[in-house]
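Here the structure is laid out as structure tokens; the discussion comes afterwards.
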Amino acid sequence: MKKVLYTGMLLAALTACNKKDEVQPDNNGNNRINFVIADNLFNFSYFNTALERTGYLKKLAGEGPFTVLVPDNIAFNRSGYGNHDALLTESLSILNNMVSYHILGGKWEFNKLPFSFNQEIRTDAGARMFVTRWVKNADTILMINGTRITARNLPASNGLIQVMSEVLPPLVNKTVSDAVAADTSLTLLNVALQQSGMKEQLASDEVYTLMVPSNRALRAAGYGSIDKINAEDPAVLRRLLSYTMFKGRKFVYDYILTTSSTNQSEQAMLNGNNIIIKVISKSDGTQDITLKGTGNAQPANIVKRNVLAGNGVLHVVDALLKENQ
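With the working numbering applied, the sequence shown corresponds to residues 104 to 428, in that order.
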């Protein structure tokens, strides 16, 4: 069987991703995952470049079976890789972590999982990720870590390809406390967590979702320096910060899937009070959410989303969520 025949099969699957495909074995190995990706460079050339640099092409030429989560070229562009040179000059350790996080052992047909949110699975290297299968407006939605699968179960002789709408950030932080400390846009927040006595709480086994302000947002809220934060009453900081987080794990798209036709819902925060979540439509046809505390004059936007940690999820927001005083 010639490899070129696979291009037509892939394009058909991309346009009819809800149709089940059967894997066709090939004793010559010409339809293994590495060949399928290389034969469809129009869609997958960025991921192929990452595979070539990291040496994972050899792994995907093996017996498997594997399931590979392949971000398409547009997904790489959205993640800041404007051209192939950006991948050729990227740190090899970053690429290794990235590619490893997109390879699963076994054949995973996610459309056969139960209808449920954030079902834990593991990558081939043992890292955790979370799969959602849900129905929205009669469409069955499949997501991994809050990112949509846009084409599913593309067959290879040694496994399956699932096409992703975004590059999945690898899970590198054990806790959300670690994720905050590692983010240079959250240095003031990290000091506030220390001053409030909440760092240990976020480093526990409890699962949290954080919707926390960036450095710029904290400065706009009156906390413009480390000295200013350290001079604040820890109890005041605890009240402020407990309105920016809650127990449980939620990705941005979880809200889009569960919000009714009103496009508005509420989220109870750690202090027991609610913020307003509003689903908005963007000019590119996608959807997003805004957040608004009872004391915010304007809705806040999420500027960094779905950063997965071992005990939760981190979202960075462009304003401090505030309560009415």
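Quick reminder that beta carbons are idealized off the backbone N, C-alpha and C, glycines included.
Sequence-distant residues of the same chain with beta carbon closer than 8 Å to residue i, five excluded per side
i	result
L144	N151
M267	L172, V173, P174, D175, A178, H205, I247, T250, R251, I252, T253
A228	S203, Y204, I206
L195	R156, T157
V355	G249, D391, I392, I405, R408, N409, H418
E369	N377, I378, I379, I380
G183	A189
T243	N121, N214, R236, W237
P217	R236
Residues that residue i bridges to, as DSSP identifies them
i	result
A284	Paired residue(s): none; A284 is not in a bridge.
H418	M314
S368	I380
P168	In the DSSP output, where bridge partners are listed per residue, P168 has none listed.
A259	G262
L245	R236
N180	None; N180 has no bridge partner.
I252	M267
A189	For A189, which the question treats as bridged, DSSP gives no partner whatsoever.
M348	L313
R342	Paired residues: none, contrary to the question.
Exposure label - residue i; buried when at least 16 CB within 10 Å
i	result
P128	Low confidence applies here, because P128 scores a pLDDT of 45, under 50, leaving its location unreliable; read the following figure in that light. P128 is exposed by the Cβ-count criterion.
K122	With a pLDDT of only 37 at K122, under the threshold of 50, the placement of this residue in the model should not be trusted, and no figure is reported.
L313	buried
G262	buried
A422	buried
D308	exposed
E269	buried
N186	exposed
I380	buried
T192	exposed
I359	buried
P273	buried
T389	exposed
S363	exposed
D142	buried
S280	buried
K353	buried
Own chain partners of residue i with C-beta closer than 7 Å, once the 5 adjacent residues on each side are dropped
i	result
S288	S317, N318, V419
M301	R341, L344
Member of the options whose CA lies at the smallest distance from the CA of residue i
i	options	result
R225	A338, V234, A334	V234
R231	N214, L207, S219	L207
S404	V410, I392, A412, T397	For clarity, residue 404 is Asn in the given sequence; the question names Ser instead. Cα-wise, what sits closest to N404 is I392.
N427	E309, K395, R255	K395
A412	I244, P337, G351, R342	G351
T347	L360, L296, S364	L296
E166	A284, G209, F147	G209
Q401	L154, P337, G185, L424	L424
D357	A282, S219, G325	S219
Y326	G375, S182, L292	L292
L190	Y149, I383, K215, K302	Y149
N240	V283, T361, V310	T361
G398	D286, G388, L343, A338	L343
N333	G375, Y311, T290	T290
D387	L163, R181, L271, W237	R181
N376	T365, S345, K302	S345
T414	P168, M301, L216, Y311	Note on identity: in this sequence residue 414 is Asn, with Thr being the wrong assignment. Per the Cα distances, Y311.
V315	T170, N200, V283, L163	V283
Cutoff 6 Å; reference residue i; Cβ partners in own chain excluding five residues on either side
i	result
K161	none
A259	N134, R135, I136, V139
L340	A295, Q298, S299
A324	L423
F147	I140, V173
A371	N377
K277	G413
A153	L190, L198, V202
Three-state class that DSSP yields for residue i in the structure shown
i	result
D330	helix
Q222	strand
V390	It is Gln, not Val, that sits at residue 390 in the sequence shown. Strand.
V270	coil
R156	helix
M201	helix
K210	coil
N409	strand
P217	coil
N399	coil
N404	strand
V275	coil
R135	coil
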